[in-house]
Each structure stands twice: as C-alpha cells, then as structure tokens.
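Trainee: Can you keep this structure in mind? I'll have questions shortly.
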Amino acid sequence: MRTRYTSLIVALFVMAFMYLPIVTLIAQSFNASRYGGRWMGFSLKWYEALFRDSAVINATVNTLAIACAATIFSTILGTCAAWALNKYRRSKLQSVHYALVYAPLIVPDVLMGISLLLLFVSMKVQLGMLTVIIAHITFCVSFVTFTVLARLQDFDFNILNAAQDLGAGNFRIFAKILLPLLGPGIAAGAMMAFTLSMDDFVVTFFVGGPGSTTLPVKVYSMMKHGAPAIINALSVVFMALTFTVAIIGQFCTKRKF
Amino acid sequence: MGEFFEFKNIEKYYGATHVVKNVSFGVRCGEIFSLLGPSGCGKTTMLRIAGGFETPESGEVFLDSVNITSLAPNKRKINTVFQNYALFPHMNIWDNIAFGPRTAGLPESEVAKKVECMLDIIRLGGHGSRMPDTISGGQKQRVAIARALINNPKLLLLDEPLAALDLKLRQYMLLELDRIHDEVGTTFIYVTHDQGEAMSLSDRIAVMNGGVIEQIGTPAEIYENPRTKFVASFIGDTNFFDGKISGQIDGETCRISMDELGEFPSYNEHKLSNGAKVTVSIRPEKFRIFGSRAEAEGLNALEAEVIDVVYQGAQTRYWVLANGHRINVLSQHNRCYLDSKQPTWGDKVWIAWHRDDVTTIPFESPR
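If you're matching them up, the sequences are chains A and B in order.
Once you know that position 131 of the first sequence is 627 in the numbering used here, the rest is easy, because the numbers rise by one and skip nothing.
Once you know that position 350 of the second sequence is 507 in the numbering used here, the rest is easy, because the numbers rise by one and skip nothing.
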C-alpha cells in the first residue's frame, strides 16, 4: 500500500510540473485583468478581441494552409522513403539514405532555418508561403518516414503472397490488406507532420516572408508589441488546435488488432 | 504424361547462384508428395515456382495437362500453406478463412456454409471470432490449412508447415494433416527438411540436394535402397565403406572387397562388373551381434570389439571396432532383455549381416 501512495504522489508532482504552466495560461486567458497577476474576475473579452483581430485570423489561416500542404507532401514522400528503406534495407546505398533521412531529426532547428534561408536567398526565391511550406516538408518527411518505417518493419510481407495465392488481384490486396494494415501508421505519420508544422517557430521565423505569418510567429511578434492578455487567449486557441490533432493522431496509432 | 502435376526441365538462378538445375518430376493425383532436403537445396524454390511466386529461367510447369508456367499465382488452382502461416493479422479466423471465396465473389450465404464446413474439418468450430494472435501455433497452422483448402485447389503446397511447432505438437499435427488429406483428397506437395515428417506422411518422397533431385521413391524405397551416398546419409543413419567389385558369384551376387571390412559376398543390384568402384552402405540395424562365429551361420560375419554401449530402451546402440574401424550397430530388444547376457564394453563379438542387406552405390566422383 505504501508504494502505491508513493507512486501516486510522484505522479501528481510530475503532472503538476508539466501542466501547471498550461493551466495558469488557460486561467489567465479568462482573467479580466490586462496584465495578469491579480484575478480581476472571469471575462471572455480577450477572446472577443482576438476574433476581431484580422491579423490573427490571417495567421490562423496561414498556419492551417501551410500545415495541410506540408502534411500532404511529406506524407507521400515519407511513405515512399519508408517503403524503399524497408524493401532494400540490405543495400549499402540505403544506409546512406537512412542517415540522410535521420539527419533532420538531430540537426538543431536554428541550423535548418539558417541553411534553408541561405539556400533560398542564393537561389533568389521570394520568401513567403512557398518557402515556408518547402521548409516544413524537409523536416516533416523524416518524422513521417520513421513512423511508417516502424509499421513496415513488423509487417509480414508473406501475407501479400498469401492474399495473391487466394486469388486476390492488386486492387483487392491494396484495399483489403495494405490499406487496413498500413493506413493507421501512415495516418499517424501525417498527424505528426501536421502538429510539427503547426508548432514550428524557429524554421518558419527564418524562411518566412511578408504574408506568411503563422500563429507561433504571430504570438512572438505580439509579445514584442504588448497586449499580453490577447496572447494568452491566442495561445489557448492554438493549443486547443494542436491537442485536437495530436489526439486524433494517438487514436490512429492505437492498434486495433 | 499421365502425371497430374509436372515440372519439366526447370532451371532457376538467383543472381549468379544456380539454385535449381534441370529438375523434372511428376506428382500423381491425390498423393502426398514430399520434397525433402537440407536448407538451401532448392526445395522451397521449387514450391514457389509451383505456386507462381517465382518464374523459372527455363522449363515448364503443368497442372492437369495445362501449361501454367506463366500464369500468375492468383490465376492458378493451387493454394499454399506458408511457413509462418501468413494469417491476416487484422481479420479474425472466420474472415481469414473466408478471404478466398469472398475474393471469388461468392454470395455471403455460400461463403458462410463453406467456412463452417472448413472450421469443422480443422476442428475449430466456434472459434471463428478469435483473432490470429490469440490462438496457439497449432491452431494457426490449422487455420492456414483451412484458408488454403477452402477454394478447392487442385493442388495444395505446404512449405515446412510444422517447422515452428514443438515436438509433441508436430507429431499431433502430422496425424491431423494425414486425416485432413484423407477427408479432402487434395493432392499435397509437402516441403520439409525433416526426414521423419516426410517418411511418416508421404506416399512418395523426392530427395533434393544442391539443386538436383537425388532420388524419387516411396519412403521404404528411399530408406532401404538409396541410390546415392547423399540419400543414404541424409535419411537415417548408416555405415559407409569404400570398395570395389572383386568377383562374380552368380547373376545376382558378387564379391566386394571393402577397404575397411575385407572381402564379402554382396547383392549386386546394379550388375556392376569386376573392378568397378563402389560405396557400400550398411544400416546399423542390419548388423546383428553374436557371441561366436557359429551362431552367425549363413551370414557375413566379422570379429569385433565392443567399444561403446548406449542403452535406449527399445534398442541399444553399439559402437564396435572391426579391423580398426568404428561401426555403428543398432540392436532391437525384441526378446527378453534382462535375462539374457548382453554384450558390454570390451567384449569380443561377431557382427554379422546378410548379403542382401548391403546397398551398393556406384562410386561418385566428387561434384
């Protein structure tokens, strides 16, 4: 019984450590006081101000558009990469491929941002939505690849032979075997790409241009120009969006068999 | 022709490796035909060629007199039981078995009837809703068999189906396989590296080694009358001696002078003439052990010394030294064991064998 209490206390402590800042943020976003600190009563006025701010609406639309585009392209590229990495895993060339796909996971964001910026500038590409999308694809691909690859590694390719043996043509094999077995892994990879793209600040900050302001960048610039109360509300909205996607992603990765 | 399923001059390479070398053989309708050989001998490749998963570089495959060499796996009336079952992990037992008929587009009522029937045959009635990862290895194996048999294939291919099971279960599944075969009457081609499985299950066995068929025959033919040194050593235990034909006694019998044992009369199956080099194989249980030369009346006999005795319950395995050569002798306890005196370490004995129990294999130049 003793140990059970100990682990409960530890768990509560960890939970408090991780979630107290977020709870504070949410509470503050409903605080009528402009500068936080003292509780001045419950209010939705910051949310009202937020939804009247066309720049914020704009940033939200940008964020979602960039996340969608980055997700679609990185999911396609990442799935193909994972397929190749798994199928030809014994070849020397694939270990180079593996290292190249793995690199963006460990390279610091600042380096990614600077190098991409240098590339775009030297190629005279106008910074904007397009450059942000390309930059997001570059790091999302890696995450999609490794999520899908994990799925492929415990996929028994014999069952494709078995399905063919039992009379199934390519379409039926795809619809009845590949899609149900690999679909959840690919969807989980896509969700991960989506949340990463939505959350990204550093890379976006470097390669963004006029008209490509995303929510994280907007939060940062609002921090510099005051109006902290609106930032609280904005952060809560932003967090709600991210959590929704992450939870859907979790649901997809859960094995149903 | 007349064969139900036939391989004709099959050649297969994997890159530079020649894995199947001009193999031809036929399988009769309704029989259990085993492809037996060590790993890497090309037996699984032959099975994959039969199933359509590999295309031979040259040669043809016939099923029921129809050339199916270039037919895709899903167009052949052949089904396969894969080595690690290859059950669909996201479908329950019922849906796994129903995959074939559903793919064929049968109405659901008919599918249900066929699946129920198969579940009865494999004795898993009522387990239809279980998922593959919640059933035992033996049960998975039976599901894989049912899934492959439900389409009424003309030929069922089994790729080492019992390799993943433990000994007890393997023996039980052998009986089950035999029973299922009796019930459905489908022709089976069974690939295995386990001679025991092949011997107890098959009507005929093809022994494969290094991409060629060494011998085809019934289990008894393969065991009692091996054609090559490989077959003699791969199936069961044996003693090999080198020798040459040193004289003729009559049309059936000759004298063989063996380097290890000396000169003895032997059955001359291949009608070899004097001077021909042979490898002689005498199985351990063909030797008998006697206390004196007189008891071995009418047999070939040789004096020997017992150097090791291994009591195994139903039999005793002796190692004896004759002319300085170790010989493996197996003695069945088919008479009272404890009351009679048994040979033991250091005893001088006579080992005896009948001239007809000698298998002569024409000398093979090393490949």
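Cβ atoms here follow ideal geometry from the backbone N, Cα and C, with glycine treated the same way.
None of the values given here were measured: they were computed from a predicted structure.
(1) Under a CB-based cut-off of 8 angstroms, is Asp472/A close to chain B?
(2) Considering His175/B, what are the terminal residues of the alpha helix (DSSP H) in which it resides?
(3) So what's Phe164/B in DSSP terms, helix, strand or just coil?
(4) Just to check, is the beta-carbon of Ala563/A closer than 7 angstroms to a non-hydrogen atom of the ligand GTP?
(5) Can you give me the start and stop residues for the beta strand (DSSP E) that Asn236/B sits inside?
(6) Return the bridge partner residues of Lys434/B from the DSSP annotation.
(7) Using a Cβ-Cβ cut-off of less than 8 angstroms, give me the residues of the stretch 645-669 of chain A that come near chain B, in sequence order.
(8) Report the rounded CA-to-CA distance for Arg440/B versus Ile225/B, giving the unit in angstroms.
(9) Assuming contact is defined by CB atoms lying nearer than 8 angstroms, are Lys480/B and Gly400/B in contact in what I supplied?
(10) Report all residues from its chain with a CB closer than 8 angstroms to the CB of Thr627/A; omit the five preceding and five following residues, and keep chain order.
(11) Would you tell me roughly how many angstroms separate the C-alpha atoms of Phe210/B and Cys198/B, rounded to the nearest one?
(12) Name the two residues that bound the continuous beta strand (DSSP E) containing Phe701/A.
(13) Evaluate Phe509/A with the Cβ neighbour count: other Cβ atoms within 10 Å of its Cβ, from every protein chain shown; 16 or more gives buried, anything less gives exposed.
(14) Below 7 angstroms CB to CB, which residues in the same chain sit around Val552/A once its five sequence neighbours on both sides are set aside?
(15) Using the Cα positions of Ile167/B and Glu340/B, report the straight-line distance between them to the nearest angstrom.
(16) DSSP state of Met365/B, grouped into three classes?
(17) Output needed for Lys165/B: all residues of its chain with C-beta closer than 8 angstroms, excluding positions within five of it in sequence on either side, in chain order.
(18) By alpha-carbon positions, which one of Leu459/B, Val486/B, His482/B and Lys271/B ends up nearest to Gln469/B?
(19) Could you tell me the alpha carbon to alpha carbon distance between Ser438/B and Asp416/B, rounded to whole angstroms?
(20) From the DSSP output, in three-state form, read off Met536/A for me.
(21) Is the number of C-beta pairs between the stretch 656-669 of chain A and the stretch 591-609 of chain A that are closer than 8 angstroms three or more?
(22) In the stretch 221-289 of chain B, which residue ranges form an unbroken beta strand (DSSP E) of at least 3 residues, counting only runs that do not cross its ends?
(23) Is Ala686/A near Thr556/A, with beta carbons less than 8 angstroms apart?
(24) Using a Cβ cut-off of 8 angstroms (strictly closer), state whether His511/B contacts chain A.
(25) How long is the line joining the alpha carbons of Gln372/B and Asp650/A, rounded to whole angstroms?
(26) Within 8 angstroms (strictly less), CB to CB, does Ile673/A reach chain B?
(27) DSSP three-state call for Asp465/B: helix, strand or coil?
(28) Any idea what DSSP makes of Phe526/A, helix, strand or coil?
Mentor: With the given structure in hand:
(1) With chain A represented from 497 up to 753, any question about residue 472/A goes unanswered, as that position is not in the structure.
(2) That residue, His175/B, is in no alpha helix (DSSP H); its beta strand (DSSP E) goes Thr174 to Val184.
(3) Note: Phe164/B maps to strand in three-state DSSP.
(4) Because no ligand of any kind appears in the structure shown, any question about the ligand GTP cannot be addressed here.
(5) That run of the beta strand (DSSP E) goes Ile235 to Val238.
(6) DSSP, once it has assigned bridges, lists Lys401/B as partnering Lys434/B.
(7) With the criterion set as a beta carbon lying under 8 angstroms from some beta carbon of chain B, the members of the stretch 645-669 of chain A are Asp652, Asn654, Ile655, Asn657, Ala658, Ala659, Gln660, Asp661, Leu662, Gly663, Ala664, Gly665 and Arg668, in sequence order.
(8) Separation of Arg440/B and Ile225/B (C-alpha to C-alpha, rounded to the nearest whole angstrom) is 42 angstroms.
(9) Lys is not the amino acid found at residue 480/B; the sequence shown has Asn there. The answer is no: Cβ separation not under 8 angstroms.
(10) Taken in chain order, the residues that qualify are Leu612, Phe616, Val621, Val703, Gly704, Gly705 and Ser708.
(11) Answer to the nearest angstrom: the Cα atoms are 18 angstroms apart.
(12) Run containing Phe701/A: none in the beta strand (DSSP E); it sits in the alpha helix (DSSP H), Val698 to Val703.
(13) Classification for Phe509/A: exposed.
(14) Leu546, Lys714 and Leu730.
(15) If you take the alpha carbons of Ile167/B and Glu340/B, they lie about 32 angstroms apart.
(16) Met365/B: strand per DSSP, three-state reduction.
(17) Ser181, Gly216, Glu217, Val218 and Phe219, listed in sequence order.
(18) Per the Cα distances, Val486/B.
(19) Cα to Cα, Ser438/B sits roughly 13 angstroms from Asp416/B.
(20) Met536/A sits in coil when the DSSP states are folded into three classes, being neither helix nor strand.
(21) With a cut-off of 8 angstroms, the stretch 591-609 of chain A and the stretch 656-669 of chain A do not count as touching, because too few Cβ pairs lie within range.
(22) Qualifying beta strand (DSSP E) stretches, in chain order: 235-238.
(23) For the 8 angstroms CB-CB criterion, Ala686/A and Thr556/A do not form a contact.
(24) His511/B does not count as touching chain A.
(25) So the two alpha carbons sit approximately 40 angstroms from each other.
(26) Yes, contact with chain B.
(27) If DSSP states are grouped into helix, strand and coil, Asp465/B belongs with the strands.
(28) In the three-state reduction of the DSSP assignment, Phe526/A falls in the coil class, being assigned neither a helical nor a strand state.
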